[in-house]
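Chemist: Quick one: structure below, then a few questions.
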């Protein structure tokens, strides 16, 4: 797969966030920089990414799964894009930031602290076989957040975070997902905001 397409999608994150705000409730209620990090964004954003990729000739589909067990889970399902490649399938997660919420990292905490507590990357893309590497990185993000902002519970839960994130992108847990016509229509508007690869 040509990584320029993924790079173009990642570079388009601010435009996608602006587009989410124009879709109305609930996204307009959030500051633009948090719109890809809140529950509910994964379906429409993933469909927009899928539309963009299939428009460039890639074979991509949407997968949905129930979230791994966590007492603090704030959303019940998560949608991703899976791109078929000659090697391992590529996972594109356009709203992975919402997955930090069970460990105290959400838009409300960011606003309370007055700092952007999330990683700079708004979208993730990685080979499915590398999910353990991504899980390790995300558990480190949780621990760093806990140390930097005095959330000792987040530090204590690093091992739990590692297990949670490792299971998050296990493709055997995903089933194909077909968005509603309403989501498809909104996704078309977002897909039009994604930069063309150069």
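In our numbering, the protein residues as written are 13 to 210.
Built from N, CA and C at the ideal position, the CB exists for glycine as well.
(1) Threshold first: 3 residues or longer. Then list the beta strand (DSSP E) segments lying entirely within the segment 122–180, N to C.
(2) Determine the contact status of residue 91 and residue 189, defining contact as a CB-CB distance below 8 Å.
(3) Touch check for the segment 163–183 and the segment 109–129: three-plus C-beta pairs under 8 Å?
(4) Looking only at DSSP bridge pairs, what is residue 28 linked to?
(5) Taking residue 205 as the reference, which of 17, 18, 28 and 20 has the closest Cα?
(6) Helix, strand or coil: how does DSSP classify residue 44 here?
(7) Among 99, 171, 104 and 39, whose alpha-carbon lies nearest the alpha-carbon of residue 133?
(8) Nearest CA to the CA of residue 157: which residue from 184, 177, 185 and 128?
(9) Across which residues does DSSP place residue 105 in a beta bridge pair?
(10) Any idea what DSSP makes of residue 112, helix, strand or coil?
(11) Assuming residue 62 contacts residue 53 under a Cβ cut-off of 8 Å, what Cβ separation, rounded to an integer in Å, is found between them?
Modeler: For this structure:
(1) Counting only runs of 3+ residues, the beta strand (DSSP E) found wholly inside the segment 122–180 occupies 136–139, in chain order.
(2) In the chain shown, the residue the question calls residue 91 occupies position 79. In the chain shown, the residue the question calls residue 189 occupies position 177. Yes, these two residues count as a Cβ contact at 8 Å.
(3) With a cut-off of 8 Å on Cβ pairs, the segment 163–183 is in contact with the segment 109–129, counting three or more such pairs.
(4) Here residue 28 refers to the residue found at position 16 when the chain shown is read from its first residue. Bridge partners of residue 28 according to DSSP: none are assigned.
(5) Within the chain shown, the letter at position 193 stands for residue 205. Out of 17, 18, 28 and 20, the CA that lies nearest to the CA of residue 205 is found in 28.
(6) Taking the first residue of the chain shown as position 1, residue 44 is located at position 32. DSSP places residue 44 within a helical segment (H, G or I) once states are collapsed to three.
(7) Sequence index remark: in the chain shown, residue 133 carries index 121 (1-based). In this structure, 104 is the residue among 99, 171, 104 and 39 with its C-alpha nearest to the C-alpha of residue 133.
(8) Against the chain shown, residue 157 aligns to sequence position 145. For residue 157, the closest C-alpha among the options 184, 177, 185 and 128 is that of 128.
(9) The sequence position of residue 105 within the chain shown is 93, counting from 1. Bridge partners of residue 105: 136.
(10) Looking up residue 112 in the chain shown gives position 100. Three-state DSSP puts residue 112 in a helix.
(11) For the purposes of this step, residue 62 is taken as the residue at position 50 of the chain shown. For the purposes of this step, residue 53 is taken as the residue at position 41 of the chain shown. The beta-carbon separation of residue 62 and residue 53, rounded to 14 Å, does not stay under the 8 Å limit for a contact.
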